[in-house]
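Take a look at the structure set out below.
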Amino acid sequence: PQQVDTAPVQQEGSPPQQQMDAVAPAQQQEVERQEQQAASPPQPVTPEQEANIAAARQQAFAENAREQAIASNLRDQAMKHERAAHVANVYAAQQQAIAENAKEQAVAANANQQQLAMAANAAADATNAVAEAQQQQTADATLAEEQANARTHPAA
-16 PQQVDTAPVQ QEGSPPQQQM DAVAPAQQQE VERQEQQAAS PPQPVTPEQE ANIAAARQQA
44 FAENAREQAI ASNLRDQAMK HERAAHVANV YAAQQQAIAE NAKEQAVAAN ANQQQLAMAA
104 NAAADATNAV AEAQQQQTAD ATLAEEQANA RTHPAA
């Protein structure tokens, strides 16, 4: 459905007052009511009005206190979250330090293991060398004894 503008259109030569009266009779009535109220002497406040004003003040006070309590609660929660985040960051830093220390210990243990393996290989080589030397000495001694026996007891 199309909307039709029903506001009166000022025609050429029509006085501005007529236009204003046509556009806003309700506004004019409100202005007149306010002017009349301003001109009349102030009315005394009734006990009922005082009670309503006091109740409105109490309600505003209660709403303000409630809003302050909510804001305080939100601040407390924010501080708790900040503390929890700080604790989590400290814990994460500790875990990272532990992990780095473990990594360094693993590297050191690997180096120690390699040194121990090299020492074990060297000990095995030395043991083999001693065994070979003993075998050689035994063989040399046996040969020398056989040669000495051959000289002292020549074959017939």
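Position one of the sequence shown corresponds to residue -16 (our numbering), numbered consecutively onward.
Cβ atoms here follow ideal geometry from the backbone N, Cα and C, with glycine treated the same way.
For the pair residue 80 and residue 62, the Cα-to-Cα distance works out to about 27 Å. Residue 26 sits in coil when the DSSP states are folded into three classes, being neither helix nor strand.
In the three-state reduction of the DSSP assignment, residue 8 falls in the helix class, which pools H, G and I.
Residue 136 carries a coil assignment under DSSP once its states are collapsed to helix, strand and coil. In its chain, beyond the 5 residues on either side, no residue has a beta carbon closer than 7 Å to the beta carbon of residue 40.
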